[in-house]
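Quick note: the sequence shown uses numbering that gives the first Met the number 0, first residue 0, plus one each step. In this text, a Cβ means the ideal position worked out from N, Cα and C, and glycines have one as well. For reference, the structure discussed in these notes is given below.
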Amino acid sequence: MSEVELTQKQIQDKKRREAQKAKVNEAVAKADIERGLLLVITGNGKGKSTAGFGNITRALGHDQKVAVVQFVKGTQACGERNLLSSLGVPFHTMNTGFSWDSEDPERDKMAAQQAWAQAKKWLADPQYDVILLDELTYMITWGFIELADVLSSLSNRPTEMSVIITGRAAHRDLKALADTVSEVRPEKHAFQQGLKARIGIDW
Ligand code: ATP
Ligand code: MG
0 MSEVELTQKQ IQDKKRREAQ KAKVNEAVAK ADIERGLLLV ITGNGKGKST AGFGNITRAL
60 GHDQKVAVVQ FVKGTQACGE RNLLSSLGVP FHTMNTGFSW DSEDPERDKM AAQQAWAQAK
120 KWLADPQYDV ILLDELTYMI TWGFIELADV LSSLSNRPTE MSVIITGRAA HRDLKALADT
180 VSEVRPEKHA FQQGLKARIG IDW
């Protein structure tokens, strides 16, 4: 390739980059609606809850008011809960109580409904900027809480409030209501190679 040809290619590349940049700028200028967002982070890969908690720390870093409801069994250790609770962040972990017989759907349903009642209170309180509802999707899947109730609480929340919902197999209506939906896809997972779940990484 001669020097002249190279220069022409460079000019073409520059033009292409500028056109692309103009397109992006145009799209950015068009996105002028300001309100709280609903994010759904779903899929079978690892990273949903850590993304949700990462977003909570991002908001906290701007001195925003945040709250977390965890729809998992309460006895599990959780580094984020330790940290956020020590910072005084309102944090509700579903309390399924302790029993040798861990399969008690009625007790789990009651605990889920209690956790959801707390979530609803926070979802109606305009002082909160960002609320994380970790693993909420399963509560809908298992019929522990009503989809319609979840959708209406989310729809009627204060305009400036953002909500992040995590968990596998998010209901299509929940995804339809969301502004941002991310699907985390497992390409590989350490567990499949016999590696043990690890403190600081998995919980
Ligand atoms: P994390 O809390 O690490 O962000 P997650 O919220 O995306 O993970 P969950 O479905 O809530 O994933 O599962 C939590 C636990 O299961 C974590 O210990 C995680 O490492 C593990 N896990 C997540 N995805 C997979 C997978 N594809 N195979 C095996 N284990 C997984
Ligand atoms: Mg999770």
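>> Beta-carbon within less than 6 Å of Ala110's beta-carbon, same chain only, minus the 5 sequence neighbours each way: which residues are those?
In response: Met93, Asn94, Thr95
> Using CA coordinates, which residue listed in Ala30, Leu36, Lys20, Ala177 is at the minimum distance from Thr158?
Replying inline: Leu36
>> At a cut-off of 7 Å, would you count Arg57 as near the ligand ATP, judging by its Cβ distance to the nearest heavy atom?
In response: no
>> Using the three-state DSSP reduction, which class does Asp133 fall into: helix, strand or coil?
In response: strand
> Looking only at C-alpha atoms, which of Asp148, Gln9, Thr49 sits nearest to Arg80?
Replying inline: Thr49
>> On a Cα-Cα basis, can you pick out the residue from Ala76, Ser151, Thr41, Gly42 that is closest to Arg197?
In response: Ala76
> Just to confirm, does Val39 get its C-beta within under 7 Å of one of the non-hydrogen atoms of the ligand ATP?
Replying inline: no
>> Please report the straight-line C-alpha distance between Ala66 and Leu82, rounded to a whole angstrom.
In response: 13 Å
> What are the boundary residues of the beta strand (DSSP E) that Glu206 is part of?
Replying inline: A question about residue 206 goes unanswered here, because the residues of the chain that appear run from 0 up to 202.
>> Give the list of continuous alpha helix (DSSP H) stretches no shorter than 4 residues that lie fully inside the region 77-125.
In response: 78-85, 104-122
>> On a Cα-Cα basis, can you pick out the residue from Asn43, Gln191, Asp178, Arg184 that is closest to Ile32?
In response: Asp178
> For Ser154, which residues from the same chain have a beta carbon less than 8 Å from its beta carbon, with the 5 sequence-adjacent residues on both sides left out?
Replying inline: Leu176
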